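Participant: Using the numbering used here, the first residue of the sequence shown is number 49, and each one after it goes up by one.
For every residue, glycine included, the Cβ atom is placed at its ideal position computed from N, Cα and C.
In this text the structure is predicted, and so the values were computed from the model without any measurement.
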Amino acid sequence: MRRLFQRSGRMKNLATSRDGCTRSTSWITYMDGTTKTASSSCRYVFVGRLGIVRYTTATILHIREWLPHGEEKVLLLQLQEGPTFNQRNVTPAEEKVMKQRTARSRAARCAIARDTRRSADGMRPALHTQNMTTYFSRLDVQLQEELKKTAEAILASGKGILAVDETNEGIGKLLKNVGLENTENNRRRYRELLFTTPDLAEHISAVILYDETVYQKTDDGTPFIELLNKLNIIPGIKVDKDVTALFLSEDEMTTQGLDDLGKRCAAYKKQGCRFAKWRCPVKIGLNTPSVRAINDTATILARYASICQSEGLVPIVEPDVLLDGDHDIERAQKVTEVVLAAVYKALNDHHVFLEGTLLKPNMVTPGQGCTKKSTPKEIAIATRTALLRGVPAAVPGIAFLSGGQTEEEATLNLNEINKVQGKKPWILTFSYGRALQASVWQTWAGKDENLVKAQKELLKRTKANGLASLGNYEAGTAISAAGDETNYSANYKY
49 MRRLFQRSGR MKNLATSRDG CTRSTSWITY MDGTTKTASS SCRYVFVGRL
99 GIVRYTTATI LHIREWLPHG EEKVLLLQLQ EGPTFNQRNV TPAEEKVMKQ
149 RTARSRAARC AIARDTRRSA DGMRPALHTQ NMTTYFSRLD VQLQEELKKT
199 AEAILASGKG ILAVDETNEG IGKLLKNVGL ENTENNRRRY RELLFTTPDL
249 AEHISAVILY DETVYQKTDD GTPFIELLNK LNIIPGIKVD KDVTALFLSE
299 DEMTTQGLDD LGKRCAAYKK QGCRFAKWRC PVKIGLNTPS VRAINDTATI
349 LARYASICQS EGLVPIVEPD VLLDGDHDIE RAQKVTEVVL AAVYKALNDH
399 HVFLEGTLLK PNMVTPGQGC TKKSTPKEIA IATRTALLRG VPAAVPGIAF
449 LSGGQTEEEA TLNLNEINKV QGKKPWILTF SYGRALQASV WQTWAGKDEN
499 LVKAQKELLK RTKANGLASL GNYEAGTAIS AAGDETNYSA NYKY
């Protein structure tokens with residue numbers, strides 16, 4: 049049973065000593081916070097209401113509030129050789145022992161400096177820089193500038209990103225809907241339709257490509273990347289290898305592709321790509337997303353971003369909180385906030401250069417099965433709030449994904465997000481795939497005679513979203529072929 053403090057003779061001598069230090073053994077801690085040590089090798093002890101720093105042969109107690117008998121607070125004992133010991137009434141024998149333990153003395157000094165946050169005369173810095181957890185090698189200044197300029201170019205005023213990064217399987221479903229086989233040439237034909245659209249660069253600053261697209265050419269033999277560069281459109285590349293089940297989770301997912309990412313990024317950079325994109329889907333359910341899934345998403349995105357920057361590519365980070373489910377907008381906002389906070393914690397832990405990154409998040413919307421629908425203004429406020437709580441101001445811009453919204457919904461919501469009054473440290477624009485191409489697919493229908501009409505549909509949507517990125521879009525002014533048709537697909541995979 050612990051007893052209240054009663055001062056013993058030994059304790060009295062210690063308390064009334066000049067500076068509160070002694071050579072002693074077998075002290076214990078009582079309920080009032082007074083401390084004693086049971087280490088026979090302990091040399092120097094300070095007593096009071098205190099914190100403790102331990103190092104092998106010494107237990108050093110730092111007085112936080114008071115000393116017995118109203119004495120002034122004194123500095124921690126500085127374990128140094130020579131005169132310091134004599135000033136502390138250390139015997140010559142003890143001084144000799146301590147001089148023989150130079151290594152231990154040095155480590156103890158480091159422990160003291162770490163606790164007091166002050167460096168004593170004659171003492172070395174508390175911690176060697178190379179051993180600090182905050183030590184890292186910065187990106188080359190020239191590389192930082194390159195990444196920063198690319199990110200800023202993508203965020204050109206009134207422009208956004210065209211996502212044409214569907215996998216061969218994903219685009220195959222769209223080709224099937226228009227009666228075409230999923231062949232390499234049919235996929236190339238559709239992509240050429242998009243990239244040869246007149247005046248595409250007026251509202252599109254960058255295009256996200258799929259691996260196959262990087263090496264494809266137009267009918268006249270011009271590589272797609274060369275064509276985009278001539279249009280002053282920045283080519284980028286999707287580098288994740290799609291999703292797989294997260295083992296032992298409630299239908300949660302993880303994204304693959306880190307193993308050879310460095311080599312692939314170097315190859316894409318050589319081909320002319322200047323940025324990359326990686327998507328991690330997050331599903332909201334009764335018990336999801338789990339902490340494990342959130343941390344998995346954050347770590348994967350951070351590792352991806354770090355690798356991309358090392359190879360000279362601007363990483364677009366895409367944590368995608370899905371529309372799947374019947375959750376309301378409040379739940380969607382909270383999950384988005386938690387995910388964003390985890391992602392940027394991981395990005396900082398991996399020393400990612402934030403000024404050379406972009407974020408591609410979901411808008412905060414209720415689940416597809418929620419009976420309570422939200423207005424564009426409610427979605428805008430919830431989205432801006434979540435971003436302010438989770439995204440550092442160092443990030444230059446945010447390009448929203450459409451996430452299965454109709455073409456018109458995606459435009460209206462982006463417009464309202466930009467109109468919300470208050471802090472807005474980033475440029476807010478779009479990075480749409482389905483919300484720019486649904487009308488294109490419906491109009492083209494796989495027929496060459498519809499090519500020009502389909503390109504006009506694309507221009508109509510890019511212009512509308514370019515205006516929305518400035519908060520200048522007026523509802524209903526861009527009537528398109530599939531403007532009000534849903535693009536939602538459960539468990540969507542590119």
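So, with DSSP's three-state summary, where would you put A538?
Facilitator: Coil at A538, not helix or strand.
Participant: Which one of E464, P409, E229 has the shortest CA to CA distance from G451?
Facilitator: Checking every option, the nearest Cα to that of G451 belongs to P409.
Participant: So, G218 versus N513, is the Cβ gap smaller than 9 Å?
Facilitator: Result no, Cβ atoms of G218 and N513 do not sit closer than 9 Å.
Participant: Could you spell out the range, first to last residue, of the alpha helix (DSSP H) harbouring R186?
Facilitator: Where R186 is concerned, there is no enclosing alpha helix (DSSP H), given that its DSSP letter is neither H nor E.
Participant: Can you find at least 3 beta carbon pairs, one from the stretch 519 to 527 and one from the stretch 269 to 284, that sit closer than 8 Å?
Facilitator: No contact exists between the stretch 519 to 527 and the stretch 269 to 284.
Participant: Just checking E385 against the ligand MN - is the residue's beta carbon closer than 8 Å to any of the ligand's heavy atoms?
Facilitator: Among the components of this structure there are no ligands whatsoever, and the ligand MN is therefore not found.
Participant: Three Cβ pairs or more, each shorter than 8 Å: is that satisfied between the stretch 380 to 395 and the stretch 458 to 466?
Facilitator: No: the two stretches stay apart, fewer than three of their Cβ pairs being nearer than 8 Å.
Participant: Could you tell me the distance, in whole angstroms, from the CA atom of N603 to the CA atom of P363?
Facilitator: Nothing can be reported for residue 603, as the shown portion of the chain is limited to 49 through 542.
Participant: What are the boundary residues of the beta strand (DSSP E) that includes W489?
Facilitator: W489 -> not in any beta strand (DSSP E); alpha helix (DSSP H) instead, spanning 482 to 492.
Participant: Which same chain residues end up closer than 7 Å to A201 when comparing Cβ atoms and leaving out the 5 residues on each side of it in sequence?
Facilitator: If we look at A201 and ignore the five residues flanking it on each side, its Cβ neighbours are S253, I282.
Participant: Under the DSSP definition of a beta bridge, which residues are partnered with W326?
Facilitator: In the DSSP output, where bridge partners are listed per residue, W326 has V365.
Participant: Could you tell me whether the Cβ atoms of G494 and V262 are closer together than 9 Å?
Facilitator: Their beta carbons are not under 9 Å apart, which means G494 does not touch V262 by this criterion.
Participant: How do the stretch 444 to 461 and the stretch 476 to 489 stand: do at least 3 beta-carbon pairs fall below 8 Å, yes or no?
Facilitator: Yes, the stretch 444 to 461 touches the stretch 476 to 489.
Participant: Determine, using beta carbons only, whether E250 and T491 come nearer to each other than 9 Å.
Facilitator: No, Cβ-Cβ distance for E250 and T491 is not below 9 Å.
Participant: Which of the three DSSP states is assigned to V383 in this structure?
Facilitator: The answer is helix: DSSP assigns V383 an H, G or I state.
Participant: Using the rule of at least 16 other Cβ atoms within 10 Å of the residue's Cβ for burial, across every protein chain shown, is Y352 buried or exposed?
Facilitator: Under this definition Y352 is a buried residue.
Participant: Measuring straight from C-alpha to C-alpha, what distance separates N230 and E260?
Facilitator: Those two C-alpha atoms are separated by around 13 Å.
Participant: Taking only the alpha-carbon atoms, compute the straight-line gap between V291 and M411 and give it to the nearest angstrom.
Facilitator: Rounded to the nearest angstrom, the two C-alpha atoms are 21 Å apart.
Participant: Name the one or two DSSP bridge partners that I348 has.
Facilitator: I348 is not bridged to any residue.
Participant: Of the residues L306, L195, A538, S185, which one's Cα is nearest the Cα of L361?
Facilitator: Residue L195 is the option with its Cα nearest to L361.
Participant: Could you check if R327 is buried or exposed, using at least 16 other CB atoms within 10 Å of its CB as the buried criterion?
Facilitator: Buried: at least 16 other Cβ atoms inside 10 Å.
Participant: Per DSSP, what are the beta-bridge partners of S479 in this structure?
Facilitator: Bridge partners of S479: I209.
Participant: Taking Cβ to Cβ, would you say V387 is nearer than 9 Å to V339?
Facilitator: No, Cβ-Cβ distance for V387 and V339 is not below 9 Å.
Participant: On the criterion of 16 or more Cβ atoms from any shown chain inside 10 Å, does N233 qualify as buried, or is it exposed?
Facilitator: The residue is exposed, with fewer than 16 neighbouring Cβ atoms inside 10 Å.
Participant: So, L484 versus V443, is the Cβ gap smaller than 9 Å?
Facilitator: Cβ distance not < 9 Å, so L484 and V443 don't count as in contact.
Participant: Measure from the alpha carbon of P440 to the alpha carbon of each residue in T454, T405, K420, then state which is nearest.
Facilitator: Residue T405 is the option with its Cα nearest to P440.
Participant: Just the C-alpha distance for D307 and K317, rounded to the nearest angstrom, thanks.
Facilitator: If I take the Cα positions, the gap works out to 18 Å.
Participant: Please report the distance separating the alpha-carbon of R312 from that of I285.
Facilitator: Taking the straight line joining both Cα atoms gives about 10 Å.
Participant: Assuming the contact rule is C-beta atoms closer than 8 Å, E456 and D532 should be a hit. Round their C-beta distance to whole Å, please.
Facilitator: Yes, they are in contact, since the Cβ atoms of E456 and D532 sit about 6 Å apart, within 8 Å.
Participant: So, under 8 Å CB-CB, A346 and A394 are touching, yes? Tell me the CB distance rounded to an integer number of Å.
Facilitator: With a Cβ gap of about 4 Å, A346 and A394 count as contacting.
Participant: May I have the straight-line CA-CA distance separating D288 from T302, to the nearest angstrom?
Facilitator: Roughly 11 Å separates the two Cα atoms.
Participant: Taking only runs that begin and end inside the stretch 189 to 247, name each unbroken alpha helix (DSSP H) of 4 or more residues, in chain order.
Facilitator: You should have 189 to 202, 216 to 225, 232 to 243.
Participant: Would N535 be called buried (16 or more neighbouring beta carbons within 10 Å of its own) or exposed?
Facilitator: Under this definition N535 is a buried residue.
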